[in-house]
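Undergrad: Under our numbering, the final residue of the sequence shown carries the number 287; numbering is consecutive throughout. No residue lacks a Cβ here, since even glycine has one placed at the ideal position from N, Cα and C.
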Amino acid sequence: LKLIAAPSRRTKGVVIRDPEESTTTTSIIIHSKIKSKDKGKGILVDEPKPLKKQAQIEQDEKYARELDAELNRTIDWDEVIDQVNKKAKEDPAVKRYQTLKKKPQTKAQARKNMMIYLKNVAGFKMDYFKGMSYNDICPVFEKHFDSNVAFL
136 LKLIAAPSRR
146 TKGVVIRDPE
156 ESTTTTSIII
166 HSKIKSKDKG
176 KGILVDEPKP
186 LKKQAQIEQD
196 EKYARELDAE
206 LNRTIDWDEV
216 IDQVNKKAKE
226 DPAVKRYQTL
236 KKKPQTKAQA
246 RKNMMIYLKN
256 VAGFKMDYFK
266 GMSYNDICPV
276 FEKHFDSNVA
286 FL
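Next comes the structure, spelled out in structure tokens:
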């Protein structure tokens, strides 16, 4: 590849051509600097000088104290105490309803959960468990679960 000046009166750039395509003689490449229109008349902004370590630490502590004071002003401590007392005196009927919702698992639910655990962790196929009862699956599950817990 040869670099040839553009064949015009005023040279505006450089044209790159392959030597096989070129039939004219090569000329000297003239590099012209592009002048910036910026004359340095921008607005001068003084950057703040970095504080010394001790001054920076004191400034941070002062800011932290201000934030803490503002936070304490916004919190109504009497309201917080009232809210805690209300939680303690919650309606017993609501608590009774919530305990009814927390029923223990049935054997069928436990069997299903054990089968899914063994499928995902130990690599068993679901067909392996067909026809097996809860009591048949339980020892297999305990063996794999205990070995996994011992590993952890």
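How should Phe264 be labelled, buried or exposed, when 16 other C-beta atoms within 10 angstroms of its C-beta is the threshold for buried?
TA: Indexing the sequence shown from 1 puts residue 264 at position 129. Buried: at least 16 other Cβ atoms inside 10 Å.
Undergrad: Could you say if the segment 252 to 259 and the segment 221 to 240 meet the contact criterion of at least three C-beta pairs nearer than 8 Å?
TA: Too few Cβ pairs lie closer than 8 Å, so no.
Undergrad: Just how far apart, CA to CA, sit Ala243 and Tyr269?
TA: Against the sequence shown, residue 243 aligns to sequence position 108. Against the sequence shown, residue 269 aligns to sequence position 134. Roughly 7 Å between the two C-alpha positions.
Undergrad: In angstroms with no decimal places, state the Cα-to-Cα distance between Glu214 and Ile192.
TA: Indexing the sequence shown from 1 puts residue 214 at position 79. Indexing the sequence shown from 1 puts residue 192 at position 57. So the two alpha carbons sit approximately 35 Å from each other.
Undergrad: In whole angstroms, what is the alpha-carbon distance linking Gly258 and Thr241?
TA: Locating residue 258 in the sequence shown gives position 123, counting from the first residue. Locating residue 241 in the sequence shown gives position 106, counting from the first residue. Cα-Cα distance, rounded: 24 Å.
Undergrad: What residue range is occupied by the uninterrupted alpha helix (DSSP H) comprising Glu225?
TA: To locate residue 225, count along the sequence shown from 1; it is residue 90. Note, Glu225: premise wrong, no alpha helix (DSSP H); not H, not E.
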